[in-house]
Amino acid sequence: MKIAVIGSGAWGTALAICLCKNGHEVTLWTRSAEKAEQMKKSGYNPRLKGVKLPPQLNVSDDCSCASGCRLVVIASPSFAIREICRLVAPYVDEDAVMVSVTKGIEEGTLLRMSQIVQEEVHRPVVALTGPSHAEELAVGMPTGCVAASENQKDAELVQDAFMSDYFRVYTNPDIVGAELGGALKNVIALCVGVTDGMGYGDNIKAMLITRGMTEMARLGVSMGANWETFAGLTGIGDLIVTCTSQHSRNRRAGILIGKGRSTADAMAEVGAAVEGYYASKAAWELAKMKGVDMPIINAAYAVLYKNIPTRQVVEILLNRSRKAESEDTGWN
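Heads up: the sequence shown begins at 825 in our numbering, then just goes up one per residue.
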């Protein structure tokens, strides 16, 4: 089928490569005419070093490339997604299905990415999300993701388009849980990176991952998600890979902050969107709105937006009042 991938970052490019290998007619859109020309001439995207672009991949800086496409994949950073959707919306066909592959929560509105795409483009939206690093998918390493949508046919359309012998795609009707998992895990991964940068070991990492998962599920359920979604690829799966991988921008930024660098310096050195920074504020606001206890999210917000020293925040986390691990202890 004819497909446009809107956004030429590492993830958008990796997905475009995957779709080309599956035999689709694919155009990768980039905002910069200079970058488009560079990719055409060199056959490479500087965001994916060493990965050759398929010769059949079209590259364009013209939003009209979305015209006539059955699928339009939105792969821009979360802070730019609304603007990008407004640019492309006039060219999207009536029977097109949008695919949101960005992980985040919009500041101010607290909307999930698929909600923004729906609001701006007025087409069905499927969220494609899960534990997936562009650097691995682009070279054909085995990867698993989830196509989440309330509409089964739309989810299966996306599943069929992307699935290959190295990219396994599942479907899930719980788009709320799938997207929240993808957004919130970035915050936890940033926190894990901070403790790595501070010189702490594996024990606190395990605690942050497991208790972070509890917080993610707790907020998700309060917003209508199914708790089982957080036990799957878009929950614990995505959380594990982002908290432990050398490819994780959120973890790398956290390491720099843990070593004493400012948030701004850390994000600048990473050199790409650190989605956990933006998601931490939105998650903190959602937790307050829903009355959900999220101490790790609160800690991230304190470090990133209130400039509270990291060691002080860790001490506050560890010295909170005593609690049972589960709210349902089974004790009389």
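Virtual Cβ for every residue (Gly too), placed ideally from N, Cα, C. Since the model is a prediction, treat every value here as computed from it, not as a measurement.
Please state if the CB of residue j and the CB of residue i are separated by a distance shorter than 9 angstroms.
{"i": "K876", "j": "H848", "result": "no"}
{"i": "V1011", "j": "G874", "result": "no"}
{"i": "S988", "j": "V950", "result": "no"}
{"i": "V993", "j": "C969", "result": "yes"}
{"i": "L1043", "j": "A1124", "result": "no"}
{"i": "C909", "j": "I940", "result": "yes"}
{"i": "L952", "j": "E943", "result": "no"}
{"i": "S888", "j": "Y915", "result": "yes"}
{"i": "T1068", "j": "G1005", "result": "no"}
{"i": "S902", "j": "M937", "result": "yes"}
{"i": "C893", "j": "A920", "result": "yes"}
{"i": "E1093", "j": "A1111", "result": "no"}
{"i": "E1097", "j": "R1075", "result": "Residue identity check: residue 1097 is Ala in the sequence provided, not Glu. Cβ distance not < 9 angstroms, so A1097 and R1075 don't count as in contact."}
{"i": "A972", "j": "E931", "result": "no"}
{"i": "M1118", "j": "E1039", "result": "yes"}
{"i": "L1063", "j": "K1105", "result": "no"}
{"i": "N846", "j": "A1055", "result": "no"}
{"i": "L872", "j": "A913", "result": "no"}
{"i": "G1059", "j": "A1041", "result": "yes"}
{"i": "E907", "j": "R947", "result": "no"}
Report back the beta-carbon spacing between residue i and residue j to the nearest angstrom; my notes put them in contact at under 8 angstroms.
{"i": "T1087", "j": "L1032", "result": "T1087 to L1032, Cβ: 18 angstroms. No contact."}
{"i": "D998", "j": "N1050", "result": "5 angstroms"}
{"i": "A899", "j": "G836", "result": "3 angstroms"}
{"i": "P878", "j": "I841", "result": "6 angstroms"}
{"i": "A834", "j": "A958", "result": "4 angstroms"}
{"i": "S1046", "j": "K1114", "result": "4 angstroms"}
{"i": "G1048", "j": "V1116", "result": "Not a contact, Cβ separation roughly 13 angstroms."}
Just mark residue i as buried or exposed, buried being the case when its beta carbon has 16 or more other beta carbons within 10 Å.
{"i": "S856", "result": "exposed"}
{"i": "L1080", "result": "buried"}
{"i": "K865", "result": "exposed"}
{"i": "G1095", "result": "exposed"}
{"i": "K1147", "result": "exposed"}
{"i": "T967", "result": "buried"}
{"i": "T854", "result": "buried"}
{"i": "T1034", "result": "exposed"}
{"i": "G1084", "result": "exposed"}
{"i": "L1057", "result": "buried"}
{"i": "G1036", "result": "buried"}
{"i": "N1143", "result": "exposed"}
{"i": "D1027", "result": "Reading the sequence as shown, one finds Asn at residue 1027 and not Asp. Per the 10 Å Cβ criterion, exposed."}
In chain order, what residues of the same chain lie with their CB nearer than 7 angstroms to the CB of residue i, ignoring the 5 residues before and after it?
{"i": "G1082", "result": "G1017, V1018, T1019, D1020, G1021, M1022 and T1134"}
{"i": "E960", "result": "T967"}
{"i": "L981", "result": "V921"}
{"i": "C844", "result": "V850, P878, Q880 and L881"}
{"i": "E974", "result": "P997 and I999"}
{"i": "L911", "result": "C887"}
{"i": "M1071", "result": "Sequence inspection shows His at residue 1071; the Met mentioned does not correspond to that position. Hits under 7 angstroms: H957 and E959."}
Let me check one thing: in DSSP terms, what residues is residue i bridge-paired to?
{"i": "A924", "result": "The residue you asked about is not Ala; residue 924 is Ser in the sequence shown. Beta-bridge pairing links S924 to I898 and A951."}
{"i": "R936", "result": "I929"}
{"i": "A971", "result": "L952 and T995"}
{"i": "Y990", "result": "Answer is none; Y990 lacks a bridge partner."}
{"i": "E1052", "result": "BP columns for E1052 are empty, so no partner."}
{"i": "S1072", "result": "Paired residues: none, contrary to the question."}
{"i": "K826", "result": "E849"}
{"i": "Y868", "result": "K876"}
{"i": "S884", "result": "W853"}
Should residue i be listed as close to the ligand GDP, given that the test is whether its C-beta is under 8 angstroms from any heavy atom?
{"i": "V963", "result": "In terms of ligand content, the structure shown is empty, and the ligand GDP therefore cannot be addressed."}
In chain order, what residues of the same chain lie with their CB nearer than 6 angstroms to the CB of residue i, ignoring the 5 residues before and after it?
{"i": "W1108", "result": "I1121 and Y1125"}
{"i": "N882", "result": "T851"}
{"i": "A1007", "result": "K927, G928, I929 and A1103"}
{"i": "V896", "result": "A828, A890, V916, A920 and M922"}
{"i": "V1137", "result": "A1123, A1126 and V1127"}
{"i": "V1065", "result": "P955"}
{"i": "S832", "result": "L852 and T854"}
{"i": "Q983", "result": "A971, V993 and T995"}
{"i": "Y990", "result": "G964 and P966"}
{"i": "W1155", "result": "none"}
{"i": "I1140", "result": "none"}
{"i": "E1151", "result": "none"}
{"i": "I1132", "result": "A1126"}
Within the 9 angstroms Cβ cut-off, does residue i reach chain B?
{"i": "H957", "result": "Here there is only one protein chain, and chain B is not present."}
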